[in-house]
Amino acid sequence: MEEVLLISRFITRSLILLSLWFLCFPPGVVCDTGNVSASSNSSSKPKVINIGALFTLNSVVGEAAKPAIQAAVDDVNSDPTILNGVQLKLLISDTNCSGFIGTMEALQLMESEVVAAIGPQSSGIAHVISHVVNELHVPLLSFGATDPTLSSMQYPYFLRTTPSDHFQMYAIADIVDYYGWREVIAIFVDDDYGRGGISVLGDALAKKRAKISYKATFSPGDNESKINDLLVEVNLMESRVYVVHVNPDTGLNIFSVAKALNMMGSGYVWITTDWLPSYLDSKDAVDSNTMNILQGVIALRHYTPDTDLKKSFMSKWNTLKYKGSAGHAGFNSYALYAYDSVWLAAHALDVFLNKGGNLSFSYDPKLHDTNGSMLHLASLRVFNGGEQLLQTLLRMNFTGVSGQIQFDPDKHLVHPAYDVLNIVGTGTRRIGYWSNYSHLSVVPPESLYTKPPNISTGSQHLYSVIWPGDTTSTPRGWVFPNNGQPLRIAVPNRVGYKEFASKDKSPQGVRGYCIDVFEAAISLLPYAVPRTYMLYGDGKRNPSYNELVSRVAQNVYDAAVGDITIVTNRTKIVDFTQPYMESGLVVVAPVKEAKSNPWAFLKPFTAEMWFVTAVFFLFVGAVVWILEHRINSEFRGPPRRQLITICWFSFSTMFFSHRENTVSTLGRMVLIIWLFVVLIINSSYTASLTSILTVQQLTSGIQGIDSLISSTEPIGIQDGSFALNYLVDELNIAQSRIVKLKNPEAYLRALKLGPKKGGVAAIVDELPYVELFLSNTNCLYRIVGPEFTKSGWGFAFQRDSPLAVDMSTAILQLSENGDLQKIHNKWLTHSECSSQVNQVDENQLSLNSFWGLFLICGIACVLALTIFCCRVFTQYRRFSPEDEESEIETIEPSRSSRRSIRSTSFKQIIDFVDKKEEEIKEMLKRKNSNSNKQQTSIHSFSDGQASSPS
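According to mature numbering (1 follows the signal peptide of the UniProt record, and there is no 0), the sequence shown holds residues -31 to -1, 1 to 919 in order.
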């Protein structure tokens, strides 16, 4: 790219020097070397200001721009509110679509002391002329040069008054992404205009994970024969989405040839830039033959709001005196931008003059004639106010016929927008809009500027499109190339586990589970896929799957089919389909039957569970004894007998054989809850013990990946598997411990030998291989520990291949209709064998399973004891010795009561609690009777004393 720029700069400078050679007329003013003189030093405003116009008159853009520019000059000169009577004088030069002639015309125009130039329309000519205006400080206002590279700082005096192709290419990228296409073919003219636009398109597509698969270029003067050869070559390629970026004067030739080659039918997508609407809009009526070859094309057109200014200008267009013909002919969006360019210059000059700007020109000491030179460089003079006028132009902000005229910091017009058109029937149909603010939408862009920008995928909308071939179904955008080359599919040439993929003598050349899944998925696609299978590997050892995937990424193969695991480093270089088989790494180790254990009856419960259960047996027995002791004679007697009763009652409830009856309500409540807990514990114990004694218990020295990591014994893996990188890089296992094994027979030998005899302690491999291996080993080896990675097998395709998406959909269909399981049963049926070692510890019941029951039982016991204690305390308060009765009648009964309670010994309380309930009731009854008798005697004595004096 740098070499191209250097060559361009060299050619540009050469053209400038050559054009100066043709300036055969003498300079108007002669000056001495080193002196600077001005043509006008007067501070008063001039009566006439010269502005130039440079464009190709006989072109689609030029025919629209010329009358618009002339009409704008007339409107400015007739408007008394601008320039205060100063007249604009328009000097038009025809560049004739030639960079050389354009340079000559520009130099001649500069001699006329123009303060600004309108044009050119050609990006190539704009590149050359920009060097001239940079040197002479004359702003160049271009209404048609859309090459994005013109916006660089290399051209400070170039100012674009139309949207750059930078935005148009991003609009195309959004359309491509909207319809889900991933590759396009760019057809463009090989000049600055074409190359600059397509370069931006490539960047824009890359941000959408799409790309330009091929760049088809042609020269502006190529005939239909060369275009035919170009399109024939393009038609042999995969992509069916074509972006056409050419000039409006010759672009229709492409579609004429495409129509003849049957490339305008169903399945094709054609997207054009604004050149096509500009051509169609400039015609009063497009002939039917032209419209027939354009059916279904999507095109972009500059969007200009329907303001009153625009409507007024378009109403005057048909009667403009500068037009070569009457009517609407010649009008397109470039006429609006050309008209606004003149008004932009007028507004800027008005501000420039009002701020005291001086329209003066001076000689440049660098532009002098050497001895004997005939180039007359001294005739070119520098505009002294060029820098000030340029800054004034950049600060302008007004509404023109094309919309708002205002520049952002990058010298782009604000709010660039496009109409998205669909050519159908005899005209065009607008299917939406694109703007730099909100991208694709179906509402006018100006209605969105007051809302927050939203460029999310869900907010992008377009109306339905009628595609080539008169269909409304969105084309897939690609086909298999018509160049006779089928899809190159690599298949690993395996040594072991050939059930998945292996060499075959059939015409297809390969067979296996993976091949059948791929073929079944291919058969569900709505199109034919020519393909050829190519074995990868020498057949002596399993190939490296990482290298196989890399070959696909390097375009050695188009796809890879086999037992390829989807892992992170592979997904970075290729695209995988939906997994068709789940996989993951597991550990396989030798196992042996566990020997019988005389203490096996203790294994159903953990030690913690046994301890808590025993404590609760004793606790519940003690609670029931306390609740029954005062009213149930079976819970009374000597201390030794009562202790035996508590223990007997507690543990006999385990078998529901307790002989003591419960009498109290609280005791029965506690017992019922406890018996429910015992029932659950008995049932669980019985079930666990049955499982332990009847199911074969297997043991292994390796318990899983963790114990394998902590050991130093060798580990076997399958040759070519990704397990090597995972164990070494992720789990930090020394590579010296890894032993590569070729096939299941090598697995058996290594496991039989063991680590002490040159074998391995365990094998780490993917679950599908392990299941197949275990089915042929008479269950001598088992999976130990859980599966410690999760992944799957998929088919690998080149990056952004559309076939990967369609194949994923087909694999899902196979899974849903059951065909995937049928293929699995065909190839991978094997004898049933318990896949994992039964760990005794996993069958033990812990406290975590029963703490809820114990909690309920404990709460019931505590609640019952609380109620019991409240009852006893109430009875004890009512009962007290005879010698303390007098204290109850004192002035401070509450204080004496507290002293009485404190003085009561603990032994008296225990004795009170130990008494039978019947005795307590009898004592309370007797106490109440004595109390009544005493009160009767006191009343009788009082009555006798009262009657004695009388």
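Heads up, the beta-carbon is just placed ideally off N, CA and C, and yes, glycines get one too.
Being a predicted model, the structure only gives us computed values, none of them experimental.
Exposure of residue i, with buried meaning 16 or more beta-carbon neighbours within 10 Å
{"i": "valine 412", "result": "exposed"}
{"i": "methionine 122", "result": "exposed"}
{"i": "arginine 209", "result": "buried"}
{"i": "arginine 867", "result": "Unreliable placement is indicated for arginine 867, whose pLDDT of 46 sits below 50; no coordinate value is reported for it."}
{"i": "aspartate 527", "result": "buried"}
{"i": "phenylalanine -10", "result": "Note that phenylalanine -10 has pLDDT 38, beneath the 50 cutoff, so the model's placement of it is unreliable and no number is given."}
{"i": "serine 549", "result": "Checking the sequence, you will find tyrosine at residue 549 rather than serine. Buried, because 16 or more other Cβ atoms sit within 10 Å of the Cβ of tyrosine 549."}
{"i": "lysine 35", "result": "buried"}
{"i": "threonine 681", "result": "exposed"}
{"i": "serine 917", "result": "Note on serine 917: pLDDT 48, under 50, position unreliable in the model; no value is reported."}
{"i": "threonine 64", "result": "buried"}
{"i": "valine 555", "result": "buried"}
{"i": "alanine 529", "result": "buried"}
{"i": "isoleucine 141", "result": "buried"}
{"i": "isoleucine 674", "result": "buried"}
{"i": "arginine 377", "result": "Sequence check: residue 377 is aspartate here, not arginine. By the neighbour-count rule (16 or more Cβ atoms within 10 Å), aspartate 377 is not buried but exposed."}
{"i": "isoleucine 641", "result": "exposed"}
{"i": "leucine 789", "result": "buried"}
{"i": "glutamate 32", "result": "buried"}
Own chain partners of residue i with C-beta closer than 6 angstroms, once the 5 adjacent residues on each side are dropped
{"i": "histidine 96", "result": "Asp161"}
{"i": "glycine 438", "result": "Gly234, Ser235"}
{"i": "glycine 636", "result": "Val593, Leu596, Glu597"}
{"i": "valine 30", "result": "Gln90, Gly113, Tyr303"}
{"i": "valine 697", "result": "Gln704"}
{"i": "alanine 558", "result": "Ser669, Ile671, Ala731, Val753"}
CB of residue i within 7 angstroms of CB of residue j, strictly
{"i": "serine 652", "j": "proline 573", "result": "no"}
{"i": "residue 930", "j": "valine 486", "result": "Outside the displayed span of the chain (-31 to 919) sits residue 930, for which this structure offers no information."}
{"i": "threonine 575", "j": "serine 815", "result": "yes"}
{"i": "proline 414", "j": "alanine 459", "result": "no"}
{"i": "serine 225", "j": "isoleucine 167", "result": "no"}
{"i": "tyrosine 308", "j": "alanine 41", "result": "yes"}
{"i": "valine 389", "j": "glycine 401", "result": "yes"}
{"i": "histidine 271", "j": "aspartate 243", "result": "yes"}
{"i": "aspartate 218", "j": "serine 188", "result": "no"}
{"i": "isoleucine 51", "j": "alanine 314", "result": "no"}
{"i": "proline 476", "j": "tyrosine 505", "result": "no"}
{"i": "leucine 710", "j": "glycine 685", "result": "yes"}
{"i": "proline 421", "j": "tyrosine 406", "result": "no"}
{"i": "serine 133", "j": "threonine 118", "result": "no"}
{"i": "histidine 416", "j": "histidine 430", "result": "The sequence shown places serine at residue 416, rather than the histidine named in the question. Result no, Cβ atoms of serine 416 and histidine 430 do not sit closer than 7 angstroms."}
C-beta neighbour in chain C for residue i, strict 7 angstroms
{"i": "serine 407", "result": "The question asks about chain C, but that chain is absent: this structure has only one protein chain."}
Residues near residue i by beta carbon distance below 7 angstroms, same chain, minus five either side
{"i": "serine 552", "result": "Thr534, Glu735, Leu736, Pro737, Ser760, Gly761, Trp762"}
{"i": "glutamate 104", "result": "none"}
{"i": "valine 83", "result": "Asn19, Ile20, Gly21, Leu60, Val107"}
{"i": "serine 425", "result": "none"}
{"i": "arginine 480", "result": "Ser471, Asp473"}
{"i": "histidine 408", "result": "Asp143, Ile424, Gln429"}
Contact set for residue i: own chain, Cβ-Cβ below 8 angstroms, skip 5 residues either direction
{"i": "leucine 741", "result": "Tyr466, Glu468, Pro713, Leu797, His799"}
Of all the beta strand (DSSP E) runs that stay within the bounds of the region 232 to 285, which reach a length of 3 or more residues? For the region 232 to 285, whole beta strand (DSSP E) runs of length 3 or above, ordered along the chain, are 238 to 241, 267 to 271.
Spell out a yes or no on whether the region 303 to 319 and the region 278 to 288 are touching, meaning 3 or more CB-CB pairs, one atom from each, closer than 8 angstroms. With a cut-off of 8 angstroms, the region 278 to 288 and the region 303 to 319 count as touching, because enough Cβ pairs lie within range.
Which whole runs of the beta strand (DSSP E) in the region 513 to 547 are 3 residues long or more, in chain order? For the region 513 to 547, whole beta strand (DSSP E) runs of length 3 or above, ordered along the chain, are 543 to 545.
For the region 476 to 511, list the beta strand (DSSP E) runs that are entirely contained and at least 3 residues long, ordered along the chain. Within the region 476 to 511, the runs of beta strand (DSSP E) that reach at least 3 residues and sit entirely inside it are, in chain order, 500 to 505.
Is the region 263 to 270 touching the region 229 to 247 in the sense that three or more CB pairs, one from each, lie closer than 8 angstroms? A contact is defined here as three or more CB-CB pairs under 8 angstroms, and the region 229 to 247 meets this definition with respect to the region 263 to 270.
Could you say if the region 568 to 580 and the region 778 to 797 meet the contact criterion of at least three C-beta pairs nearer than 8 angstroms? Segments in contact, no.
Indicate whether the contact test is met: 3 or more Cβ pairs, each with one atom in the region 462 to 482 and one in the region 508 to 519, closer than 8 angstroms. Because the criterion of three Cβ pairs below 8 angstroms is met, the region 462 to 482 and the region 508 to 519 touch.
What residue ranges within the region 368 to 454 form continuous beta strand (DSSP E) runs of no fewer than 3 residues, ordered along the chain? As summarised for the region 368 to 454, the continuous beta strand (DSSP E) elements at least 3 residues long and confined to that stretch are 372 to 375, 386 to 393, 396 to 404, 408 to 410, given in chain order.
Curious, which full-length beta strand (DSSP E) runs of at least 3 residues does the region 716 to 761 contain? Complete beta strand (DSSP E) runs here, min 3: 731 to 735, 750 to 753.
Examine the Cβ distances between the region 50 to 63 and the region 18 to 32 and report whether three or more of them are shorter than 8 angstroms. By the Cβ test, the region 50 to 63 is in contact with the region 18 to 32, since at least three Cβ pairs between them sit closer than 8 angstroms.
Is the region 149 to 166 touching the region 179 to 199 in the sense that three or more CB pairs, one from each, lie closer than 8 angstroms? Contact holds: three or more Cβ-Cβ distances are below 8 angstroms.
Is there contact between the region 717 to 731 and the region 492 to 506, where contact requires at least three CB pairs shorter than 8 angstroms? Contact between the region 717 to 731 and the region 492 to 506 is absent, because fewer than three Cβ pairs lie under 8 angstroms.
Using 8 angstroms as the cut-off, can you tell me whether the region 351 to 360 makes contact with the region 317 to 329, which would need three or more C-beta pairs spanning the two stretches below that distance? Short answer: they touch.
Every unbroken beta strand (DSSP E) inside the region 78 to 112 [3 residues or more]: Secondary structure remark: continuous beta strand (DSSP E) runs of at least 3 residues inside the region 78 to 112, in chain order: 85 to 87, 109 to 111.
Segments of 4+ residues assigned as alpha helix (DSSP H) that fall wholly inside the region 769 to 797: Taking 4 residues as the shortest admissible run, the region 769 to 797 contains the following complete alpha helix (DSSP H) segments, listed from N- to C-terminal end: 771 to 786, 788 to 797.
Let me know the beta strand (DSSP E) ranges lying completely inside the region 644 to 701, each 3 residues or longer, listed in chain order. Qualifying beta strand (DSSP E) stretches, in chain order: 684 to 687.
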